[in-house]
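Numbering (my numbering), first residue to last: 1 to 417. The beta carbon of each residue, even a glycine, is placed where N, CA and C say it ideally should be.
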Amino acid sequence: MSLWRDQRFRRFWTGNVISQFGDRITELALPLIAVGALHASAGQVAWLTALVWTPSLLAILLGAWVDHRPRKRRLMILADLVRAAALLSVPAAYVWGAVTLVQLYAVALLTGAAGVLFNTAYPPFFVSLVPRASYVDANSGLSAGRSASYVAGPAIGGALIQMLTAPVTLVVDALTFLASAILIGRVSVDEPPVAAGGSASSLLRRAREGLALVVRHPVLRACLGCAATVNFFTFLAGGGLVVLFASRDLGLSPGVIGLAFGVGATGSLVGALIAPGVSRRIGVGRTIAAGAVAFPAPIAIAAAAGGPLWLRAGVLAASEFLSGVGVMLFDVNLNALQTTVVPDGLRSRTAGAFSTINYGVRPVGAVVGGVLATVIGLRATLLVAALGGALSLFWLLPSPIPRIRSLTPQPAADTAG
């Protein structure tokens, strides 16, 4: 049966896409509240973004806890409800004239923590919902929905903020999480029983088991090394430095820069849609390897931009588009491969260990990128990001990954060694 004929998957996909569009609204609304209503400085706005990522550093412990919780679906619903409640607190406080930066920081931290809870409960739920043969197609559909939110979400969010104001718009985002919770609540899956949770010492032991699996498993170790390297170097450039480069060095207006990023988001959508076909043609492992290079390498194209205005804008748009295609070829197939090789009972703690390292390098890369931009300039920093990110391929070459053609049981058993 086609994956898209499965009503359960369609419900989950719909809830996921709705909440993704809500995320795009929050990414605009929270900083605008901080700047417009509270006159926050650039540093204070940066902290607002950083606090969303901070809970990822504890994902390794949260994943170990989630693995020993029954009914992962309920944890995902709880995470959505917590995010909805946290977001609704802002317009409520705004009505009473009581909104503060401290509250916005708390909302950022709480929604980030709920996001980590959702993401660590998600892998066991996913394998209970999706047949193994459909892992790539399911990840492609979910990634396509996320990419679509980046194409249309900022425009929708901007229009809503213009009409309703930023605090009131957060009500819309809260409703998207409520919709997601309702739809996931209507997805019935047979979740395997788990052992009851234990003491703090057993929690630490389970966390170490998740990390040990990632480090010792030849496929997972290469996946993490490659992904963390790509993340570190692409965050050297980061969205902020690319915007600064486009404005200061390329002389592009905010409207043109926004258009270029919109084109880049369509690249992600295209990449998510073609990822299953590419993997069937050249193999899952080779598609991951191609994406590991195709994601960061186009940053060098942007760094080399010059000439008349239309050419500078076109080169930036092409760079964003190609990078968007590359990241989806990489992500869709990498996520499907990880799902295949991780044993049941270890999925959440493995996801937590993976996230702690993979996401933990992002703020480090951003800080190093700022230092490099100050010392060697924006253009040279972009070139370092492109070259360093492409070198992530060397994590994959000695591993079994390039030889994996499909995710059928036999190849997966061969690589689990």
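Asked: Start and end residues, alpha helix (DSSP H) containing tryptophan 310; Found: 309-341
Asked: Exposed unless 16 or more other CB atoms sit within 10 angstroms - verdict on serine 41; Found: exposed
Asked: Alanine 386 CB to nearest heavy atom of the ligand COA below 7 Å; Found: The ligand COA is not part of this structure, which contains no ligands at all.
Asked: Element boundaries [alpha helix (DSSP H), containing serine 89]; Found: 72-95
Asked: Serine 348 beta carbon less than 8 Å from that of alanine 113; Found: no
Asked: Pair within 8 Å by beta-carbon distance, threonine 350 and valine 214; Found: yes
Asked: Alpha-carbon spacing of valine 327 relative to leucine 48, whole angstroms; Found: 26 Å
Asked: Straight-line Cα distance separating proline 167 from phenylalanine 235; Found: 29 Å
Asked: Euclidean distance between Cα positions of alanine 294 and alanine 64; Found: 34 Å
Asked: Glycine 2, enclosing alpha helix (DSSP H) - first and last residue; Found: The sequence given here has serine at residue 2, not glycine. Segment: none, serine 2 is in no alpha helix (DSSP H) and carries neither H nor E.
Asked: Residue environment, proline 276, which counts as buried when at least 16 other CB atoms sit within 10 Å; Found: buried
Asked: C-alpha distance - leucine 259 paired with proline 70, whole-angstrom precision; Found: 45 Å
Asked: Which of helix, strand or coil DSSP assigns to glycine 157; Found: helix
Asked: Distance, threonine 229 Cα to glycine 369 Cα; Found: 14 Å
Asked: Buried versus exposed call for threonine 381 [16 or more other C-beta atoms within 10 Å across all chains shown]; Found: buried
Asked: Within the stretch 206-267, ranges of the alpha helix (DSSP H) (whole runs, at least 4 residues); Found: 218-248
Asked: Valine 187 - DSSP class collapsed to helix/strand/coil; Found: coil
Asked: Residue closest to alanine 106, alpha-carbon to alpha-carbon, out of Ala34, Gly283, Ile301 and Val136; Found: Ala34
Asked: Cβ pair glutamate 320, phenylalanine 261 closer than 8 Å; Found: yes
Asked: Which of helix, strand or coil DSSP assigns to valine 127; Found: helix
Asked: Span of the alpha helix (DSSP H), counted from its first residue to its last, around isoleucine 60; Found: 59-67
Asked: Presumed contact (8 Å Cβ cut-off) between alanine 420 and leucine 407, rounded CB distance; Found: Nothing about residue 420 can be reported from this structure: the residues present for the chain run from 1 to 417 only.
Asked: Spatially closest choice to proline 55 from Ala108, Gln20 and Leu32, by CA coordinates; Found: Ala108
Asked: Serine 199 to isoleucine 257 span [Cα, whole Å]; Found: Residue placement at serine 199 is poorly supported in this model, since its pLDDT is 49, which falls under 50; the coordinates are not used for a value here.
Asked: Inter-residue CB distance, aspartate 231 and asparagine 358 (contact presumed, cutoff 8 Å); Found: In the sequence as presented, aspartate is not what sits at residue 231; that position holds asparagine. So it is a contact: roughly 6 Å between Cβ atoms.
Asked: Residue interval of the alpha helix (DSSP H) (run including serine 19); Found: 7-36
Asked: DSSP three-state assignment for aspartate 137, whether helix, strand or coil; Found: helix
Asked: Sub-8 Å separation of glycine 22 and phenylalanine 245 beta-carbons; Found: no
Asked: The alpha helix (DSSP H) enclosing phenylalanine 418, as first and last residue numbers; Found: Residue coverage of the chain in this structure runs from 1 to 417, which leaves residue 418 outside it and unanswerable.
Asked: Which of helix, strand or coil DSSP assigns to serine 41; Found: coil
Asked: Residue environment, alanine 159, which counts as buried when at least 16 other CB atoms sit within 10 Å; Found: exposed
Asked: Per-residue DSSP class, three states only, for aspartate 173; Found: helix
Asked: Straight-line gap, proline 398 to alanine 92 (C-alpha atoms, nearest Å); Found: 55 Å
Asked: Backbone secondary structure at valine 375 - three-state DSSP; Found: helix
Asked: Nearest to glycine 352 (by Cα), restricted to the options Leu224, Ile161 and Gln20; Found: Leu224
Asked: Test item: CB-CB of isoleucine 77 and glycine 145 under 8 Å; Found: no
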